[in-house]
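Q:
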Amino acid sequence: MEKKVSRIGVLTSGGDSPGMNAAVRAVVRTGNYHGLEVYGIMRGYQGLIEDDIFRMDSRSVANIIQRGGTILKTARCKEFFEYEGRKRAYENLKKRGIDGLIIIGGDGSFRGAVNFSNEFDIPCIGIAGTIDKDIQGTDFTIGFDTAVNTAVEAIDKIRDTMDAHDRIFIIEVMGRDAGYIALHSGIATGAENILIPERKTDMDAIIKSLLEKERRQKLVNLIVVAEGDDFGGANQVQKILKDKLPNAEIRVCILGHIQRGGSPTCIDRLIASRMGYHAVESLMEGRYNVFVGIQNNKMHYIPLEKAVKNKGKISEEWMKIVKILALINITNKRLLKQV
Ligand code: F6P
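The numbering of the sequence shown is numbering that gives the first Met the number 0, which starts it at 0 and goes up by one.
#1: Rounded to the nearest angstrom, what separates N91 and E49 at their Cα positions?
#2: What residue from V23, N234, R175, K238 has the CA that sits closest to C252's CA?
#3: With distances taken Cα to Cα, identify the nearest neighbour of V26 among S281, G43, F139.
#4: Where does E81 sit, in a helix, a strand or coil, going by DSSP?
#5: With a threshold of 6 Å (Cβ to nearest heavy atom), would M173 be considered close to the ligand F6P?
#6: Output needed for S116: all residues of its chain with C-beta closer than 6 Å, excluding positions within five of it in sequence on either side, in chain order.
#7: Between the Cα of S12 and those of T29, N62, F79, spot the shortest distance and give me the residue it belongs to.
#8: Check whether the Cβ of G185 lies closer than 6 Å to any heavy atom of the ligand SAM, and answer yes or no.
#9: Quick check: what's the CA-CA separation for V113 versus I257?
#10: Which ranges would you report for the alpha helix (DSSP H) in the stretch 123-180 if only whole runs of at least 4 residues count?
#11: Quick check on this structure: which residue in A247, G185, F139, Y44 has the alpha carbon closest to the alpha carbon of F290?
#12: Have a look at D133 and D51 and give me their C-alpha separation to the nearest angstrom.
#13: According to DSSP, is H277 helix, strand or coil?
#14: If you measure from the CB of D131, is any heavy atom of the ligand F6P nearer than 6 Å?
#15: Between K312 and N148, what straight-line distance do the alpha-carbon atoms span, to the nearest angstrom?
#16: In the DSSP assignment, what are the bridge partners of Y38?
#17: Taking 6 Å as the cut-off, is the C-beta of C14 nearer than that to any heavy atom in the ligand F6P?
#18: Rounded to the nearest angstrom, how far is the Cβ of D131 from that of G105, given a contact under 8 Å?
#19: For I239, I'd like the list of residues in its chain whose CB is within less than 7 Å of its CB, leaving aside the five on either flank, ordered along the chain.
#20: Is A177 buried or exposed, if buried means 16 or more other CB atoms sit within 10 Å of its CB?
#21: Give me the Cβ distance between A21 and I64, rounded to the nearest whole Å; I'm assuming they're in contact under 8 Å.
#22: Per DSSP, what kind of secondary structure is L334 in: helix, strand or coil?
#23: How about I70 and D144: are their beta carbons less than 7 Å apart?
#24: Excluding the 5 residues flanking N348 on each side, which residues of the same chain have their C-beta closer than 6 Å to its C-beta?
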């Protein structure tokens with residue numbers, strides 16, 4: 000399907016992530032540099048279907064690199080799951096002569112792009128934008144670093160009050176299918192337990208260690224839970240623990256959408272700028288239907304259909320680090336096994 004592109008569209012789709020604006024800026028400015036016409040599409044695939052499309056120039060992306068959210072707005076569009084919806088989207092692109100599409104979003108958005116590019120003559124390039132970091136083939140996704148730093152800042156604050164009261168705190172972070180935010184923020188804040196969807200949690204072992212702490216009158220414990228863990232989030236975990244430790248003071252804090260907003264970190268601005276630039280270059284070079292990822296600090300172009308959820312890829316080593324670093328009294332490997 001190789002052809003020269005002259006007009007390209009850019010959209011943001013799925014859950015927003017801090018740094019999406021920086022990526023839009025990079026796409027528009029790189030496109031303009033190469034003499035391409037760049038069109039912004041509002042509300043992801045929804046705007047494509049509804050023909051909510053407008054011309055962008057370099058000035059229209061001034062002063063947005065530092066802003067969270069997305070100036071193009073975003074949506075999860077059910078109509079695009081259907082062939083009829085995708086056909087309408089294609090007709091709108093055709094009508095305007097747009098011959099290349101850049102999609103900034105997560106794996107769900109990429110799946111839509113795969114169907115679209117298989118059915119219609121529109122080359123698509125993905126840019127990995129999701130706070131969940133659950134796209135295979137890239138070390139970074141736009142927004143993850145900001146989200147995880149937001150979580151760390153919040154958990155640090157909670158730790159102060161947790162410690163002052165000798166309480167158990169269960170903090171829920173985002174991640175319906177992926178535990179990366181929980182794992183990274185949990186290790187970075189010294190959590191004793193981290194519960195993630197990719198791993199089966201040994202709740203008996205957690206209860207045993209808490210009972211032991213209670214016996215030693217040292218019942219202070221930080222538990223970080225991904226929203227999609229085995230038990231269904233922090234409130235469910237609290238119920239289970241309350242049952243076994245009726246005298247313990249257990250508090251829950253759900254961080255929620257605070258993790259999706261805010262000014263992107265330097266890392267997120269940087270990777271968004273690099274990915275946006277390379278997405279346009281990729282279209283220019285005729286490398287189609289791939290997404291732009293970064294591996295070992297180098298750009299990689301991965302077929303869009305390979306962008307499946309990264310479930311189950313959490314390394315044993317990371318889990319071992321969580322356990323070992325949470326130990327205060329145990330120095331013996333044999334005892335570690337019992338924790
Ligand atoms: O995919 C990003 C994400 O933030 C998930 O971690 C979370 O489960 C989901 O989006 C929440 O989506 P919504 O904003 O639609 O409630």
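Even for Gly, the Cβ is constructed at its ideal location relative to N, Cα and C.
Just so we're clear, the structure is a prediction, and the values are computed from it rather than from any experiment.
A: For this structure:
#1: Walking along the sequence shown from the start, residue 91 turns up at place 92. Walking along the sequence shown from the start, residue 49 turns up at place 50. About 8 Å.
#2: Locating residue 252 in the sequence shown gives position 253, where the first residue counts as 1. The option with the nearest alpha carbon to C252 is N234.
#3: Reading the sequence shown from its first residue, position 27 is the one you call residue 26. Measuring C-alpha to C-alpha distances from V26 to each of S281, G43, F139 identifies S281 as the nearest.
#4: The residue labelled residue 81 in the question sits at position 82 within the sequence shown. Note: E81 maps to coil in three-state DSSP.
#5: To locate residue 173, count along the sequence shown from 1; it is residue 174. It does: the Cβ of M173 is within 6 Å (strictly closer) of some heavy atom of the ligand F6P.
#6: Position 117 of the sequence shown, counted from the first residue, corresponds to residue 116. The answer, listed in chain order, is C123, N288.
#7: For the purposes of this step, residue 12 is taken as residue 13 along the sequence shown, with counting starting at 1. It is F79 whose Cα lies nearest to the Cα of S12.
#8: In terms of ligand content, the structure shown lacks the ligand SAM and carries the ligand F6P instead.
#9: Along the sequence shown, one-based indexing puts residue 113 at 114. Along the sequence shown, one-based indexing puts residue 257 at 258. One C-alpha to the other measures close to 31 Å.
#10: You should have 143-164.
#11: Sequence index remark: in the sequence shown, residue 290 carries index 291 (1-based). Of the listed residues, the one whose Cα sits closest to F290 is F139.
#12: Counting from one through the sequence shown, the residue named residue 133 turns up at place 134. Counting from one through the sequence shown, the residue named residue 51 turns up at place 52. One C-alpha to the other measures close to 29 Å.
#13: Residue 277 sits at position 278 when you count from the first residue of the sequence shown. Residue state, collapsed to three classes: helix.
#14: The residue you call residue 131 lines up with position 132 of the sequence shown. D131: yes, Cβ under 6 Å from the ligand F6P.
#15: Against the sequence shown, residue 312 aligns to sequence position 313. Against the sequence shown, residue 148 aligns to sequence position 149. Their Cα atoms are separated by approximately 22 Å.
#16: One-based indexing of the sequence shown puts residue 38 at position 39. Y38 pairs with G8, R54.
#17: Here residue 14 refers to the residue found at position 15 when the sequence shown is read from its first residue. In the sequence as presented, Cys is not what sits at residue 14; that position holds Gly. Correct: G14 has its Cβ closer than 6 Å to the ligand F6P.
#18: The residue you call residue 131 lines up with position 132 of the sequence shown. The residue you call residue 105 lines up with position 106 of the sequence shown. So it is a contact: roughly 7 Å between Cβ atoms.
#19: For the purposes of this step, residue 239 is taken as the residue at position 240 of the sequence shown. Cβ within range, chain order: M202, F230.
#20: Looking up residue 177 in the sequence shown gives position 178. It is buried - the Cβ of A177 has at least 16 other Cβ atoms within 10 Å.
#21: Locating residue 21 in the sequence shown gives position 22, counting from the first residue. Locating residue 64 in the sequence shown gives position 65, counting from the first residue. Correct: roughly 5 Å between the Cβ atoms.
#22: Residue 334 sits at position 335 when you count from the first residue of the sequence shown. In this predicted model, L334 has a pLDDT of only 46, less than 50, meaning its place in the structure is not dependable enough to derive any value.
#23: Taking the first residue of the sequence shown as position 1, residue 70 is located at position 71. Taking the first residue of the sequence shown as position 1, residue 144 is located at position 145. Cβ atoms of I70 and D144: not closer than 7 Å.
#24: The question about residue 348 has no answer, for the chain in this structure spans 0 to 338.
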